[in-house]
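Residue numbers (the numbering used here), protein chains in the order written: chain A, 19 to 262; chain B, 39 to 281.
We treat Cβ as the ideally placed atom computed from N, Cα and C, and that holds for glycine.
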């Protein structure tokens, strides 16, 4: 495998990570931050993460259903362990302390960890169809934008400035270029691990939604708007991924 | 077997399974709130898994109409709730004895079952095995849901035997809508992605608006999340063979 090809893969994957930052832009125009807005933002983030997970599950089960579900259960255990670890310590995120900070820390962690699997998926896709490299890059980059939106929806209403939100979003996607290169070089070995990885990412995100985001949303807003926002964003996210 | 008979048989099995929901009530006259929470979480997980399978099947056929159907499904449940004024109805007010509350519980249980009927009918139109898989997922869901429903009924003085019969009766709309959906989609196959999407959207909304908010009040969020995701994982695992 030639060196320029490796650099190209890394570069493309880095571009896709930067695209994640774009997702936080809408928050530059949001000013009011009432508890209800936090709840609605949580509902939107839940819909985005659930939609993304459904897409990952559909992708993973094509390679192997058992492996995907086994990976998903590892993802659940990971979030449980991380949750316990964070709860034991005095959580802080920027100027925020307490339960809010814990939730922010968890979302950034889960989104970052899920990027490892996505990076593998990008690398494997490059290996399989090198001719489509540019198309895949654009697809993944655009697909990352709503993930930035999900992170912004959790961080911004709790007082994190938009620039910082963009920074954390890009940070959460950095594992993508890091994992894409080895996956590209060793396609065969990584393809075997892919369903586990995709399942892990999906399991971690769904569990995160169930244990942190939705219960908080229900506490601060009525059920109907929370359910409507979360369901419609889930559907929009799945349709969005389908067309890329 | 005639395909319509298959739909009848399996949707009847799903509706009939609701009768088994009273089982815990035979052993304990009054269930701890946590049990109801676990039952709700189990029902939510089965439904999320079923919604995932339907959504993927719908989008695989025709992405745009699948998603449009899903938005319609969300809208359908949203507006029926708004019209019946049941948006914030609690299913755990065991001491509430008013007739209105009883009617509202019966009404939303039937509406809920109707959406599941559309799901079974649409899935049967995809393939026999997918339809059977979906009917069985809904059947397990119905058992858990009927446990919650029967707990309310028995706390209002209904006998356990009658509660079992009423649980099955409240799910009768499921059989009807499964057959109607299957017939329509078989006659007009271009509607299949709409029907799959509609069922997926309705199921997702029901999970978010009815089941999950209930169980977070009944048990801790950690147990809710664990029971829901394990149930969903099992359904996802078996959904693979169908589509």
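| task | Answer with yes or no whether the minimum CB distance from residue 51 (chain B) to chain A is below 9 Å. | result | Closer than 9 Å: no.
| request: Output, in chain order, the set of chain A residues within a Cβ distance shorter than 7 Å of residue 116 (chain B). | output: 242 and 246, listed in chain order.
| task | Apply the 10 Å Cβ neighbour rule to residue 52 (chain A) and answer buried if 16 or more other Cβ atoms are within range, or exposed otherwise. | result | Within 10 angstroms of the beta-carbon of residue 52 (chain A) lie fewer than 16 other beta-carbons, which makes it exposed.
| task | Measuring only between beta-carbons, confirm whether residue 169 (chain A) sits less than 9 Å from chain B. | result | no
| said: Contact defined as beta carbons within less than 8 Å: I believe residue 173 (chain B) pairs with residue 51 (chain B). What is the distance between those atoms, to the nearest angstrom? | reply: The Cβ separation is near 6 Å, so the contact holds.
| Any contact of the region 222 to 237 of chain A with the region 133 to 149 of chain B, i.e. 3+ C-beta pairs under 8 Å? | With the cut-off at 8 Å, the region 222 to 237 of chain A and the region 133 to 149 of chain B do not touch.
| query | Taking just the CA atoms, how far does residue 192 (chain A) sit from residue 241 (chain A)? | reply | Here the alpha carbons of residue 192 (chain A) and residue 241 (chain A) stand approximately 35 Å from one another.
| query | Nearest CA to the CA of residue 258 (chain A): which residue from B:162, B:70, B:263 and B:106? | reply | B:106
| task | List the residues of chain B that residue 221 (chain A) touches, going by C-beta distances under 9 Å, in chain order. | result | 267 and 271
| For residue 139 (chain B), does the three-state DSSP call read helix, strand or coil? | helix
| For residue 280 (chain B), which residues of its own chain have a beta-carbon under 6 Å away from its beta-carbon, when the five flanking residues on both sides are left out? | Residue placement at residue 280 (chain B) is flagged as unreliable, the pLDDT there being 47, under the threshold of 50; a coordinate-derived value is accordingly withheld.
| query | Is the CB-CB distance between residue 147 (chain B) and residue 187 (chain B) below 9 Å? | reply | A distance below 9 Å separates the beta carbons of residue 147 (chain B) and residue 187 (chain B).
| Near-chain B residues of the region 108 to 141 of chain A (beta-carbon distance less than 7 Å), N- to C-terminal order | none
| said: Between the alpha carbons of residue 61 (chain B) and residue 273 (chain B), how many angstroms are there, rounded? | reply: Straight across, the Cα-Cα distance linking residue 61 (chain B) with residue 273 (chain B) is about 23 Å.
| task | For my contact list, residue 170 (chain A) and residue 42 (chain A) are in at a C-beta cut-off of 8 Å; report their separation, rounded to the angstrom. | result | 4 Å
| request: Say whether chain B places a C-beta atom closer than 9 Å to the C-beta of residue 98 (chain A). | output: yes
| query | alpha helix (DSSP H) containing residue 100 (chain B): first to last residue? | reply | Per DSSP, residue 100 (chain B) is not a residue of any alpha helix (DSSP H), being assigned neither H nor E.
| Neighbouring residues, chain B, relative to residue 252 (chain A) (Cβ below 8 Å) | 242
| query | Who are the near neighbours of residue 112 (chain B) in its chain, counting only those whose CB is closer than 8 Å to its CB and skipping five residues on each side? | reply | 239, 240, 242 and 243
| task | Note down, one range per segment and in chain order, each beta strand (DSSP E) of at least 3 residues found wholly within the region 153 to 192 of chain B. | result | For the region 153 to 192 of chain B, not a single whole beta strand (DSSP E) run of length 3 or above is found.
| Residues of chain B with a CB under 7 Å from the CB of residue 260 (chain A): which are they? | Within chain B, the residues 97 and 101 have their CB atoms less than 7 Å from the CB of residue 260 (chain A), given in chain order.
| said: Please report whether the beta-carbon of residue 56 (chain A) lies at a distance below 9 Å from any beta-carbon of chain B. | reply: no
| said: For residue 121 (chain A) and residue 232 (chain A), I'd like the C-alpha separation in whole angstroms. | reply: 11 Å
| query | Expressed to the nearest angstrom, what Euclidean distance is found between the alpha-carbon atoms of residue 201 (chain A) and residue 95 (chain A)? | reply | The straight-line gap from Cα to Cα measures roughly 25 Å.
| said: Counting only C-beta atoms, is residue 260 (chain B) closer than 9 Å to chain A at any point? | reply: Yes - at least one Cβ of chain A is within 9 Å of the one on residue 260 (chain B).
| query | Can you tell me whether DSSP reads residue 279 (chain B) as helix, strand or coil? | reply | Unreliable placement is indicated for residue 279 (chain B), whose pLDDT of 48 sits below 50; the coordinate value is still reported in the next sentence. DSSP places residue 279 (chain B) in coil when its eight states are reduced to three.
| said: Distance check for residue 109 (chain B) and residue 126 (chain A), CA to CA, integer angstroms please. | reply: 29 Å
| task | Taking only the alpha-carbon atoms, compute the straight-line gap between residue 98 (chain A) and residue 246 (chain A) and give it to the nearest angstrom. | result | 28 Å
| said: Taking the beta carbon of residue 91 (chain B) as the centre, do at least 16 other beta carbons fall within 10 Å, making it buried, or is it exposed? | reply: buried
| Got a sec? Which residues, its chain only, sit under 7 Å from residue 151 (chain B) by beta carbon, not counting five neighbours each side? | 208, 209, 211 and 212
| task | Could you tell me if residue 207 (chain A) is buried or exposed, where buried requires 16 or more neighbouring beta carbons within 10 angstroms of its beta carbon? | result | exposed
| message | Quick check on DSSP: helix, strand or coil for residue 196 (chain B)? | response | In the structure shown, residue 196 (chain B) adopts coil according to DSSP, grouped into three states.
| Any Cβ of chain B within less than 9 Å of the Cβ of residue 257 (chain A)? | yes
| Relative to the alpha-carbon of residue 270 (chain B), which residue among A:117, A:253, A:186 and A:68 has its alpha-carbon at the smallest distance? | A:68
| CB-CB length for residue 56 (chain B) against residue 175 (chain B), believed under 8 Å | Contact doesn't hold; Cβ gap of about 14 Å is too wide.
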